[in-house]
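Trainee: So the sequence lines, in the order shown, correspond to chains A and B. With this note's numbering applied, the first sequence covers 255 to 550. With this note's numbering applied, the second sequence covers 55 to 348. Using N, Cα and C, we set each Cβ at its ideal position, and we do this for glycine too. Once you've had a glance at the structure underneath, I'll fire off some questions.
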Amino acid sequence: MAKSGKDFRRERCIQILLALAASLSVLVTAGIIVSLFEETAGFFKEVSFKEFFTGTRWSPLFSPPHYGIAPLVAGTMLVTIIAMAVSVPLGLASAIYLSEYAPDGLRRLVKPVLEILAGIPTIVYGYFALTFVTPAIRAVIPHTNVFNALSAGIVMGIMLIPMISSLSEDAMMAVPQSLREAAYALGATRLEVAYKVVIPAAISGIVASFILAFSRAVGETMIVALAAGSTPKLTLNPLESIQTMTGYIVQVMLGDAPFGSIEYKSVYAVASVLFFITLSLNLVGNRIVRRYKEVY
Amino acid sequence: MSPQEESFFPNLEGRKRLDLIFKWIFFSANLVGLLVLLVLAVKIVLDSWGWLDVQFITSFPSRFPEKAGILPAIYGTVYLMIITALFAIPTGIAAAIFLEEYAKKSKFLSLIQINIYNLAGIPSIVYGILGLTVFVRWLNLGRSLLAGGLTMGLLVLPVVIVTAQEAIRAVPESLRHAAYALGATKWQTVRYVVLPSALPGMLTGIILALSRAIGETAPLIPIGALTFIRTIPKSPLDSFTVLPIQIYNWTSRPQDDFRAIAAAGIVVLLAVLICMNSAAIFLRNKYQGRTKEL
Numbered sequence: 255m256a257k258s259g260k261d262f263r264r265e266r267c268i269q270i271l272l273a274l275a276a277s278l279s280v281l282v283t284a285g286i287i288v289s290l291f292e293e294t295a296g297f298f299k300e301v302s303f304k305e306f307f308t309g310t311r312w313s314p315l316f317s318p319p320h321y322g323i324a325p326l327v328a329g330t331m332l333v334t335i336i337a338m339a340v341s342v343p344l345g346l347a348s349a350i351y352l353s354e355y356a357p358d359g360l361r362r363l364v365k366p367v368l369e370i371l372a373g374i375p376t377i378v379y380g381y382f383a384l385t386f387v388t389p390a391i392r393a394v395i396p397h398t399n400v401f402n403a404l405s406a407g408i409v410m411g412i413m414l415i416p417m418i419s420s421l422s423e424d425a426m427m428a429v430p431q432s433l434r435e436a437a438y439a440l441g442a443t444r445l446e447v448a449y450k451v452v453i454p455a456a457i458s459g460i461v462a463s464f465i466l467a468f469s470r471a472v473g474e475t476m477i478v479a480l481a482a483g484s485t486p487k488l489t490l491n492p493l494e495s496i497q498t499m500t501g502y503i504v505q506v507m508l509g510d511a512p513f514g515s516i517e518y519k520s521v522y523a524v525a526s527v528l529f530f531i532t533l534s535l536n537l538v539g540n541r542i543v544r545r546y547k548e549v550y
Numbered sequence: 055m056s057p058q059e060e061s062f063f064p065n066l067e068g069r070k071r072l073d074l075i076f077k078w079i080f081f082s083a084n085l086v087g088l089l090v091l092l093v094l095a096v097k098i099v100l101d102s103w104g105w106l107d108v109q110f111i112t113s114f115p116s117r118f119p120e121k122a123g124i125l126p127a128i129y130g131t132v133y134l135m136i137i138t139a140l141f142a143i144p145t146g147i148a149a150a151i152f153l154e155e156y157a158k159k160s161k162f163l164s165l166i167q168i169n170i171y172n173l174a175g176i177p178s179i180v181y182g183i184l185g186l187t188v189f190v191r192w193l194n195l196g197r198s199l200l201a202g203g204l205t206m207g208l209l210v211l212p213v214v215i216v217t218a219q220e221a222i223r224a225v226p227e228s229l230r231h232a233a234y235a236l237g238a239t240k241w242q243t244v245r246y247v248v249l250p251s252a253l254p255g256m257l258t259g260i261i262l263a264l265s266r267a268i269g270e271t272a273p274l275i276p277i278g279a280l281t282f283i284r285t286i287p288k289s290p291l292d293s294f295t296v297l298p299i300q301i302y303n304w305t306s307r308p309q310d311d312f313r314a315i316a317a318a319g320i321v322v323l324l325a326v327l328i329c330m331n332s333a334a335i336f337l338r339n340k341y342q343g344r345t346k347e348l
């Protein structure tokens with residue numbers, strides 16, 4: 255039976271509907287950029303670029319207010335670096351064990367634990383940081399502030415272990431078995447195979463997992479909103495209360511900054527910075543992961 | 055002996071010992087995760103002990119922790135998930151079908167694909183600001199369930215698309231060829247052959263996406279989910295609260311009793327998540343390899 259014009263039109267309509275759904279994702283990106291840009295532009299009418307990017311004080315509620323983003327960026331970086339210091343060694347070690355050492359049965363036992371860890375809502379991690387890790391730190395170092403970067407960073411690091419572990423493991427699993435066998439044939443131990451053959455061969459995928467985890471840490475919100483404090487401060491001391499970019503956004507959004515006020519607009523300026531940092535990290539990370547996948 | 059042979063010290067014993075030591079180091083890295091999970095579980099159960107009862111489930115929030123409950127939060131969470139699912143599932147699957155079955159390989163297509171991967175990595179608080187700007191203000195939906203649900207829908211959309219794409223990709227090409235050979239059109243092939251066969255995989259992804267949405271707090275803060283509401287939302291345009299927001303509010307108060315009911319809320323939230331994830335694993339195991347038998 256020949257296809258009628260009606261059938262053809264139907265097919266065409268469906269294809270157009272599907273294409274619209276797919277292009278929605280592009281629209282979302284455009285929406286994010288446009289909605290951030292509008293208010294950010296308004297913010298920069300009142301605050302100079304120079305003050306925003308080179309100022310070292312963030313105090314929107316004081317008069318005169320200061321809008322130098324450095325303390326918020328520094329707070330974010332402090333927490334992120336602590337988180338990376340926890341998650342990189344543990345995540346990488348976990349990936350090496352899973353890909354090079356673990357017998358099949360044990361793998362099937364360990365993987366679900368990591369999956370559960372990855373599925374726990376961040377609000378629960380925030381609760382854990384504030385009510386368990388912070389008191390534990392204060393028991394050891396009594397002058398620690400109730401809100402501090404260390405507690406938030408440690409818990410965030412634990413949250414990131416599954417991400418680094420599973421992405422790195424994927425990269426290591428993609429290393430051809432023949433490379434390992436060649437090394438074993440030369441008398442290498444498993445440890446030597448791991449760090450002389452597998453890790454160098456999988457290094458780009460491993461680095462990508464670090465980059466993506468870093469980006470995730472920069473954008474993480476609930477843990478820092480609960481545990482890291484709300485005092486924007488240029489400090490390297492992890493025991494002090496700080497504020498991250500995400501923490502500031504939450505603080506203003508929970509308050510009642512009127513729409514159109516400079517405080518309200520400052521949220522968009524901070525969110526724009528956050529967006530561009532995470533977007534560039536993700537672009538690099540995803541690019542490496544995908545290029546890497548195609549090689550083997 | 056040549057110099058090279060002289061400098062060759064196999065030192066087998068030492069290297070094997072080192073290998074063994076590192077094997078245990080690598081192994082214990084995995085124990086850290088397990089340990090944290092156990093401590094977390096014990097801590098939350100102990101904190102919430104005695105607070106989680108029928109009264110807690112069926113009451114409204116209150117200034118007095120012993121009278122406070124999560125009824126509006128439960129309704130809010132359920133309604134929010136319905137809106138999120140109604141929006142994200144059809145859109146996500148349609149996008150995945152287009153990308154896998156219709157779109158020709160091109161620069162533009164790979165741009166869309168890269169865009170989707172990157173959308174998945176944008177901080178959820180930024181989605182909240184997008185929702186505030188577009189849904190609450192531009193479309194004038196107010197701080198409503200609908201605005202929250204659509205925001206959450208956009209947030210999980212990349213997850214739904216990517217998992218649906220993987221499920222479609224796993225459908226053997228031979229099935230499509232068989233349908234075409236019988237004279238089916240493209241859409242008929244997709245509708246009656248590809249979709250049924252990819253459905254279990256898609257379902258797993260959908261459940262995982264929704265369980266991510268249930269636990270998300272940050273995107274709803276800019277939307278303005280309230281924490282102190284005395285009514286259950288009746289329409290999609292009503293204000294609302296959800297479990298994670300309620301937990302956040304109680305946790306951020308200094309009193310121990312509020313922390314205790316926050317812990318009780320966490321127990322409820324985790325119980326829901328465990329049910330959803332078990333369902334996903336059950337589906338995955340039940341349908342695994344079904345296509346191969348065809």
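Tell me, please, whether the CB atom of Y234(B) is closer than 8 Å to any CB atom in chain A?
Mentor: With 8 Å as the cut-off, Y234(B) does not count as an interface residue toward chain A.
Trainee: For I299(B) and L274(B), which I take to be in contact (beta-carbon distance under 8 Å), what is that distance rounded to the nearest angstrom?
Mentor: I299(B) to L274(B), Cβ: 6 Å. Contact.
Trainee: Output yes if chain B places a C-beta closer than 8 Å to the C-beta of N540(A); else output no.
Mentor: So yes, N540(A) belongs to the interface.
Trainee: Answer yes if the region 182–192 of chain B comes into contact with the region 109–120 of chain B, meaning at least three C-beta pairs across the two stretches below 8 Å, and no otherwise.
Mentor: At 8 Å Cβ cutoff, the stretches do not touch.
Trainee: List in chain order: all unbroken alpha helix (DSSP H) runs of 4+ residues lying wholly within the region 70–151 of chain B.
Mentor: Listed in chain order, they are 108–112 and 125–151.
Trainee: Roughly how many whole angstroms lie between the Cα atoms of A273(A) and M338(A)?
Mentor: Roughly 40 Å separates the two Cα atoms.
Trainee: Would you kindly check if the distance between the Cβ of D424(A) and the Cβ of G459(A) is under 8 Å?
Mentor: Yes.
Trainee: Among L280(B), E220(B), L297(B) and I75(B), which one has its Cα closest to the Cα of E270(B)?
Mentor: That would be L297(B), whose Cα lies nearest to the Cα of E270(B).
Trainee: Mind listing, in chain order, the continuous beta strand (DSSP E) runs of no fewer than 3 residues lying wholly within the region 279–333 of chain B?
Mentor: With a minimum length of 3 residues, no continuous beta strand (DSSP E) run stays inside the region 279–333 of chain B.
Trainee: Only counting the same chain, and skipping five residues up and downstream in sequence, which positions put a Cβ closer than 7 Å to that of R470(A)?
Mentor: So the list reads L414 and M417, once near-sequence residues are dropped.
Trainee: So if DSSP puts W241(B) in a beta bridge, which residue, or which two residues, is it bridged to?
Mentor: Per DSSP, none; premise fails for W241(B).
Trainee: Less than 8 Å between CB atoms is the rule here; does V90(B) satisfy it with respect to chain A?
Mentor: True, the Cβ-Cβ gap to chain A drops below 8 Å.
Trainee: Use the C-beta contact count for M55(B): other C-beta atoms within 10 angstroms, 16 or more gives buried, fewer gives exposed.
Mentor: Here M55(B) scores only 47 on pLDDT, less than 50, and its place in the model should not be relied on; the value that follows carries that caveat. M55(B) comes out exposed.
Trainee: Residues bridged to Y522(A) by DSSP?
Mentor: Paired residue(s): none; Y522(A) is not in a bridge.
Trainee: How far does the alpha helix (DSSP H) with D424(A) in it extend, from its first residue to its last?
Mentor: Element bounds for D424(A): A403 to M427.
Trainee: Give the straight-line distance between the Cα atoms of C329(B) and F262(A), rounded to the nearest whole angstrom.
Mentor: When rounded, the distance between both Cα atoms is 44 Å.
Trainee: Compare the C-beta of R263(A) against all C-beta atoms of chain B and say whether one is closer than 8 Å.
Mentor: No, R263(A) does not count as interfacial toward chain B.
Trainee: Buried or exposed: where does W241(B) fall if 16 or more other Cβ atoms within 10 Å of its Cβ makes it buried?
Mentor: W241(B) is buried by the Cβ-count criterion.
Trainee: Kindly indicate which residue of F297(A), S495(A), L371(A) and R361(A) has the alpha-carbon position closest to the one of G483(A).
Mentor: The shortest C-alpha separation from G483(A) is found at S495(A).
Trainee: So the candidates are K97(B), T239(B), K70(B) and L88(B); which of them puts its Cα closest to the Cα of G259(A)?
Mentor: Comparing Cα positions, the closest option is T239(B).
Trainee: Enumerate in chain order the residues of its own chain whose CB-to-CB distance from G87(B) is below 7 Å, with the five nearest sequence positions on each side excluded.
Mentor: Hits under 7 Å: none found.
Trainee: In three-state terms, what does DSSP make of S534(A)?
Mentor: Helix, per DSSP.
Trainee: Starting from A83(B), find everything on chain A with Cβ-Cβ shorter than 7 Å and list it in chain order.
Mentor: Within 7 Å Cβ-Cβ: L344, A347, S348 and Y351.
Trainee: Could you check how far apart the C-beta atoms of S317(A) and G411(A) are, in whole angstroms? I think they sit under 8 Å.
Mentor: Not quite, the Cβ-Cβ distance comes to about 38 Å (not below 8 Å), so this is no contact.
Trainee: Would a C-beta distance cut-off of 8 Å place P177(B) and T475(A) closer than the cut-off?
Mentor: Yes, the Cβ-Cβ distance between P177(B) and T475(A) is below 8 Å.
Trainee: Once you ignore the five residues that flank Y302(B) on each side, which residues in its own chain have a CB closer than 6 Å to its CB?
Mentor: Once the five neighbours on either side are set aside, the close Cβ partners of Y302(B) are T271.
Trainee: Closer than 8 Å is the cut-off here; do at least three beta carbon pairs connect the region 239–258 of chain B with the region 191–210 of chain B?
Mentor: Touching, no.
Trainee: For S526(A), collect the residues of the same chain with a Cβ closer than 8 Å to its Cβ; drop the 5 residues on either side in sequence, then sort them by chain order.
Mentor: Same-chain partners within the cutoff: L290, F291 and T294.
Trainee: Locate the alpha helix (DSSP H) running through R197(B), then write down its first and last residues.
Mentor: That residue, R197(B), is in no alpha helix (DSSP H); it is neither H nor E in DSSP.
Trainee: How would you write the range of the alpha helix (DSSP H) that R311(A) sits in, first residue to last?
Mentor: No alpha helix (DSSP H) holds R311(A); DSSP gives it neither H nor E.
Trainee: Looking at the structure shown, is H397(A) part of a helix, part of a strand, or coil, going by DSSP?
Mentor: It is coil, neither helix nor strand.
Trainee: With distances taken Cα to Cα, identify the nearest neighbour of A276(A) among F152(B), D310(B) and G68(B).
Mentor: For A276(A), the nearest C-alpha among the options comes from F152(B).
Trainee: Thinking C-alpha only, which one of W78(B), K97(B), I261(B) and S82(B) is nearest R313(B)?
Mentor: Comparing Cα-Cα distances from R313(B) to each of W78(B), K97(B), I261(B) and S82(B), the minimum goes to K97(B).
Trainee: Check whether the Cβ of W241(B) lies closer than 8 Å to any Cβ atom in chain A.
Mentor: Yes, W241(B) counts as interfacial toward chain A.
Trainee: Can you tell me which residues form a DSSP beta bridge with Y321(A)?
Mentor: DSSP, once it has assigned bridges, lists W312(A) as partnering Y321(A).
Trainee: Do the region 449–456 of chain A and the region 421–437 of chain A meet, that is, are 3 or more Cβ pairs less than 8 Å apart?
Mentor: Touching, yes.
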